[in-house]
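K.L.:
Before we start, here is the structure in question, set down as structure tokens.
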Amino acid sequence: GAVVSQHPSWVICKSGTSVKIECRSLDFQATTMFWYRQFPKQSLMLMATSNEGSKATYEQGVEKDKFLINHASLTLSTLTVTSAHPEDSSFYICSAPGTYPASGGTDTQYFGPGTRLTVL
Amino acid sequence: AQSVTQLGSHVSVSEGALVLLRCNYSSSVPPYLFWYVQYPNQGLQLLLKYTTGATLVKGINGFEAEFKKSETSFHLTKPSAHMSDAAEYFCAVSGVPSGGSYIPTFGRGTSLIVHP
């Protein structure tokens, strides 16, 4: 249980284009999901909290208009990187808290496999 | 407020040797502590977690960690390293739930290198 998927696993795009990344909870519902960014050899940086049916909450320093988040259903959150530039190249990871009692409890985050974005 | 310090960005061991990855935390509330493992180009996989109760926690792949409140530590150990253990390991702490979810704060990670 508690499986989170991401699509695509990697994407290469031209500067100025927009890229959409999907995060799905496969066997449980997630009213909240989290989006992280990870630079090479570094830790995860929380970007935003995605809330089903309401606006996302962004961490300080994260551009809301740059990183659009939509939590359309209880199993799907999307992150759209708008007008991507080379500095947006990174590894993007989503997570969802487990559910109680079936999937580990809400104290544990379950992570997707990540999406490698390369902007040329 | 909470934070995690992982001592040593790289730890190198021989196959069959003891693995010890250090983690110290700070938290203004009773902490929930986690160890995650990340293989190249993959997401994070939960190894083990401490919430309440027994302070010695056993996880997957033979790993265990001990919560020591007096030392504010949660070090990860494994008696005998395997080549397949080579990966990046992240310690994380969370406390009071935000909107119902425990959002972890991660350490910078420790890269475990296993030599034949």
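These protein sequence lines are chains A and B, in that order.
Offset between the first sequence (1-based) and the numbering used here: plus 3.
If you count the second sequence from 1, position 58 lands on 44 in the numbering used here, and the numbers rise without skipping.
Glycine included, each C-beta is placed from N, C-alpha and C at the ideal position.
Report the three-state DSSP secondary structure of residue 90(A) (helix, strand or coil).
P.N.:
Residue 90(A) falls in the helix class under three-state DSSP.
K.L.:
Using CA atoms only, rank isn't needed, just tell me which of 56(A), 70(A), 55(A) is closest to residue 62(A).
P.N.:
It is 70(A).
K.L.:
Quick one: which chain B residues come within Cβ less than 7 angstroms of residue 46(A)?
P.N.:
What residue 46(A) touches in chain B: 76, 92, 93, 94, 95.
K.L.:
Please check the pair residue 26(A) and residue 80(A), which I expect to be a contact at CB under 8 angstroms, by giving their CB distance rounded to whole angstroms.
P.N.:
Residue 26(A) to residue 80(A), Cβ: 5 angstroms. Contact.
K.L.:
Could you check the C-alpha separation between residue 0(B) and residue 59(A) for me, to the nearest Å?
P.N.:
Going from the Cα of residue 0(B) to the Cα of residue 59(A) covers about 46 angstroms.
K.L.:
Just to make sure I have the definition right: I need the residues of chain B whose C-beta is within less than 9 angstroms of the C-beta of residue 43(A). Which are they?
P.N.:
Under the 9 angstroms cutoff, chain B gives no residues; its nearest Cβ is about 11 angstroms from residue 43(A).
K.L.:
Taking 7 angstroms as the limit between beta carbons, can you name the residues of its chain near residue 96(A), skipping five residues before and five after?
P.N.:
Cβ neighbours of residue 96(A) beyond the five flanking positions: 39, 41, 47, 114, 115, 117.
K.L.:
Could you work out which residue in 49(B), 39(B), 41(B), 16(B) is closest to residue 32(B) when comparing CA atoms only?
P.N.:
Cα-wise, what sits closest to residue 32(B) is 49(B).
K.L.:
Counting only Cβ pairs nearer than 8 angstroms, list the residues of chain B close to residue 31(A).
P.N.:
Under the 8 angstroms cutoff, chain B gives no residues; its nearest Cβ is about 13 angstroms from residue 31(A).
K.L.:
Return the CA-CA distance between residue 15(B) and residue -11(B), expressed in angstroms with no decimal places.
P.N.:
C-alpha separation (whole angstroms): 12 angstroms.
K.L.:
Of all Cβ atoms in chain A, is any one closer than 8 angstroms to the Cβ of residue 32(B)?
P.N.:
Yes, contact with chain A.
K.L.:
For the beta strand (DSSP E) containing residue 161(A), list its first residue and its last residue.
P.N.:
Because chain A in this structure spans residues 4 to 123, residue 161(A) falls outside the shown range and cannot be described.
K.L.:
Would you report the Cα separation of residue 64(B) and residue 72(B), rounded to the nearest angstrom?
P.N.:
Roughly 12 angstroms separates the two Cα atoms.
K.L.:
Would you list, in sequence order, the uninterrupted beta strand (DSSP E) runs of no fewer than 3 residues that lie entirely inside the region 52 to 82 of chain A?
P.N.:
Entirely contained in the region 52 to 82 of chain A, the beta strand (DSSP E) runs reaching 3 residues are, in chain order, 70 to 76.
K.L.:
Looking at the C-beta of residue 81(A), does it have a partner C-beta in chain B at a distance below 8 angstroms?
P.N.:
No - not a single Cβ of chain B is within 8 angstroms of the one on residue 81(A).
K.L.:
Consider the Cβ of residue 63(A): report whether some Cβ of chain B lies at a distance smaller than 8 angstroms.
P.N.:
So, not an interface residue.
K.L.:
Just verifying my parser: in three-state terms, what is the DSSP assignment at residue 70(B)?
P.N.:
Three-state result, residue 70(B): helix.
K.L.:
Does chain A have any CB closer than 8 angstroms to the CB of residue 70(B)?
P.N.:
False, the Cβ-Cβ gap to chain A never drops below 8 angstroms.
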